[in-house]
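*Asks:* One structure coming up, written as structure tokens, with questions to follow.
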């Protein structure tokens, strides 16, 4: 077998990322009410589907294996190595692009000489270890030294924030991904329960407002906060009221229980449970994006990873409290009301298995590769340092 690095298509095929994203594209389901490149992916201070390692096809089948007699000494000479259970995550479709890509890289466990996918030297990391071997080894796990065979596999599920935090609380997964704080997702939880969640902020999303391309091209390129509020409460129902065509507004929202919906209502209306009247709700960002693409009268709120400024999902500028916030300019500003942290929650503690994966995502390499490359805003250096200090001590 050649040791040369795989090309990008081979890499995506091996890690399952291509199949995962293809599956998402066809996953559209209505719910009753009740990706062109952006200009900036850096915070103001500095610069899912399941991803699993592929099964080996080299092992012989039962019919191909000869049964040999062995002596007692031979059978007890070497104890079998107990495999480590997979690290599991589930939740927010906003965080899914980050977590799924990180899992794909982890599960590929490419060697140190693969500079395309493991450019460790560019980040001041001196190592001859494979990618996952290096990060897991910092937390005491034994390296495998084999491509596509990490010390343990990482599986990332795709749902929404409320399911993510509830799943980690109930022990169904190791990491619960949420695009809103757990207190907003579980408003009825007591303080003891909330204190049991360990919050790991991995990125920032400057939540933009998008419209159908036809509406944008007709001249609706900027809205005020008051106009946006009235659209989602049915006080404004036609684009002609906003300088656009005489066309009914189709207001699209995320499903109730999603962190994106919770954050939108909390940040715009001041209440995560504020009543709004969208025409349709969608379970995932991917589905919202697809509906906006297919419509000629839509408006929606999305995560940065799903915006296409030069394509069918253009963002509009938003004027709030006298300041105009524009995509590619200042959506990462702390003052932008729709800016929000993206969270990976663990329960009661953070195991070394969880810490190794999160440490990779929070590293400069991880922020560039998994956060900025998905068009989210990377954490400033001081915030990254704070988050990494919350992880168990590293070797």
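Residue numbers (full-length UniProt numbering): 1 to 395. Here a beta-carbon is modelled for each residue, glycine too, at the ideal position from N, C-alpha and C. Please read all numbers here as calculations on a predicted model, not as lab measurements.
(1) Could you name the residues of the same chain whose beta carbon sits closer than 6 Å to that of residue 367, not counting the 5 residues immediately before and after it, in chain order?
(2) Using the C-alpha atoms, what's the distance from residue 126 back to residue 291?
(3) Three or more beta-carbon pairs under 8 Å between the stretch 252-265 and the stretch 213-225, yes or no?
(4) Tell me which residue opens and which closes the alpha helix (DSSP H) that residue 250 is part of.
(5) Alpha carbons only, please: which of 297, 337, 87, 307 is nearest the one belonging to residue 219?
(6) Applying the criterion that 16 or more other CB atoms from any shown protein chain within 10 Å of the CB defines a buried residue, is residue 134 buried or exposed?
(7) Can you tell me where the beta strand (DSSP E) holding residue 100 begins and where it ends?
(8) For the alpha helix (DSSP H) that residue 299 lies in, which residues bound it at each end?
(9) Using 8 Å as the cut-off, can you tell me whether the stretch 169-183 makes contact with the stretch 82-92, which would need three or more C-beta pairs spanning the two stretches below that distance?
(10) Using 8 Å for Cβ pairs, my map puts residue 271 next to residue 251. What's the rounded Cβ distance?
(11) When DSSP labels each residue in this structure, what does residue 347 get in the three-state scheme?
(12) Thinking just about the alpha-carbon of each residue, which of 277, 227, 306, 274 is nearest to the one in residue 287?
(13) Apart from the five residues on each side of it in sequence, which residues of its chain come closer than 7 Å, Cβ to Cβ, to residue 326?
(14) According to DSSP, simplified to helix, strand and coil, what is residue 218?
(15) Give the single residue among 299, 87, 312, 282 whose Cα lies nearest to the Cα of residue 293.
(16) Residue 172: which of 157, 184, 138 sits nearest, CA to CA?
(17) Quick one: complete alpha helix (DSSP H) runs, 4+ long, within the stretch 161-205?
(18) Could you check whether residue 390 and residue 359 sit closer than 8 Å to each other, using their CB atoms as the reference points?
(19) Roughly how many whole angstroms lie between the Cα atoms of residue 380 and residue 247?
(20) Excluding sequence positions up to five away, which residues of its chain have a Cβ less than 6 Å from the Cβ of residue 123?
(21) Would you report the Cα separation of residue 168 and residue 241, rounded to the nearest angstrom?
(22) Have a look at the DSSP bridge pairing and note the partners of residue 155.
(23) Roughly how many angstroms lie between the CA atoms of residue 160 and residue 185, to the nearest whole one?
(24) Can you find the residues in the same chain that come closer than 8 Å, C-beta to C-beta, to residue 319, ignoring five residues on each side of it along the sequence?
(25) If I follow the unbroken beta strand (DSSP E) through residue 281, where does it start and stop?
(26) Residue 236 by DSSP, collapsed to three states: which one?
(27) Which residues share a DSSP beta bridge with residue 325?
(28) Is the Cβ of residue 204 closer than 8 Å to any Cβ of chain D?
*Replies:* Reading from the atomic positions:
(1) If you number the chain shown from 1, residue 367 lands on position 367. Around residue 367: 378.
(2) As a first step, residue 291 must be located in the chain shown, where it is residue number 291. As a first step, residue 126 must be located in the chain shown, where it is residue number 126. Rounded to the nearest angstrom, the two C-alpha atoms are 46 Å apart.
(3) Because the criterion of three Cβ pairs below 8 Å is not met, the stretch 252-265 and the stretch 213-225 do not touch.
(4) As a first step, residue 250 must be located in the chain shown, where it is residue number 250. Segment 250-254 is the beta strand (DSSP E) holding residue 250; no alpha helix (DSSP H) there.
(5) Counted from its first residue, the chain shown places residue 219 at position 219. Closest by alpha carbon: 297.
(6) Your numbering for residue 134 matches position 134 in the chain shown. Residue 134 comes out buried.
(7) Residue 100 sits at position 100 when you count from the first residue of the chain shown. Element bounds for residue 100: not the beta strand (DSSP E) but the alpha helix (DSSP H), 96-108.
(8) Position 299 of the chain shown, counted from the start, is the residue given in the question as residue 299. Element bounds for residue 299: not the alpha helix (DSSP H) but the beta strand (DSSP E), 298-301.
(9) Under the three-pair Cβ rule at 8 Å, the stretch 169-183 counts as touching the stretch 82-92.
(10) Numbered from its first residue, the chain shown carries residue 271 at position 271. Numbered from its first residue, the chain shown carries residue 251 at position 251. The pair is not a contact, with the Cβ atoms about 18 Å apart (cut-off 8 Å).
(11) On the chain shown, residue 347 is found 347 positions in, with the first residue counted as 1. Looking at residue 347 - three-state DSSP - the assignment turns out to be strand.
(12) The residue given as residue 287 occupies position 287 in the chain shown. The candidate whose alpha carbon is nearest that of residue 287 is 306.
(13) Numbered from 1 along the chain shown, position 326 holds the residue referred to as residue 326. 317, listed in sequence order.
(14) What you label residue 218 is simply residue 218 of the chain shown in a count that begins at 1. Three-state result, residue 218: coil.
(15) Numbered from 1 along the chain shown, position 293 holds the residue referred to as residue 293. Checked all of 299, 87, 312, 282; the closest Cα to residue 293 is 312.
(16) Taking the first residue of the chain shown as 1, we reach residue 172 at position 172. Taking only the C-alpha atoms, the option nearest residue 172 is 157.
(17) 161-169, 182-185, 191-195
(18) Residue mapping note: residue 359 aligns to position 359 of the chain shown, counting from 1. Residue mapping note: residue 390 aligns to position 390 of the chain shown, counting from 1. In this structure, residue 359 sits away from residue 390, with a CB-CB distance that is not shorter than 8 Å.
(19) Walking along the chain shown from the start, residue 380 turns up at place 380. Walking along the chain shown from the start, residue 247 turns up at place 247. One C-alpha to the other measures close to 43 Å.
(20) Reading the chain shown from its first residue, position 123 is the one you call residue 123. For residue 123, where only same-chain residues beyond five positions count, the Cβ hits under 6 Å are 364, 365.
(21) Walking along the chain shown from the start, residue 168 turns up at place 168. Walking along the chain shown from the start, residue 241 turns up at place 241. The C-alpha of residue 168 lies about 45 Å from the C-alpha of residue 241.
(22) Locating residue 155 in the chain shown gives position 155, counting from the first residue. Paired residues: 88.
(23) To locate residue 160, count along the chain shown from 1; it is residue 160. To locate residue 185, count along the chain shown from 1; it is residue 185. Using only the alpha carbons, I get a separation of about 10 Å.
(24) Locating residue 319 in the chain shown gives position 319, where the first residue counts as 1. The answer, listed in chain order, is 222, 223, 224, 225, 325.
(25) The residue you call residue 281 lines up with position 281 of the chain shown. From DSSP, the beta strand (DSSP E) with residue 281 extends over 280-282.
(26) Sequence index remark: in the chain shown, residue 236 carries index 236 (1-based). In the structure shown, residue 236 sits in coil (DSSP, three-state: anything other than H, G, I, E or B).
(27) Indexing the chain shown from 1 puts residue 325 at position 325. Residue 325 pairs with 318.
(28) Looking for chain D here will not work: only one protein chain is present.
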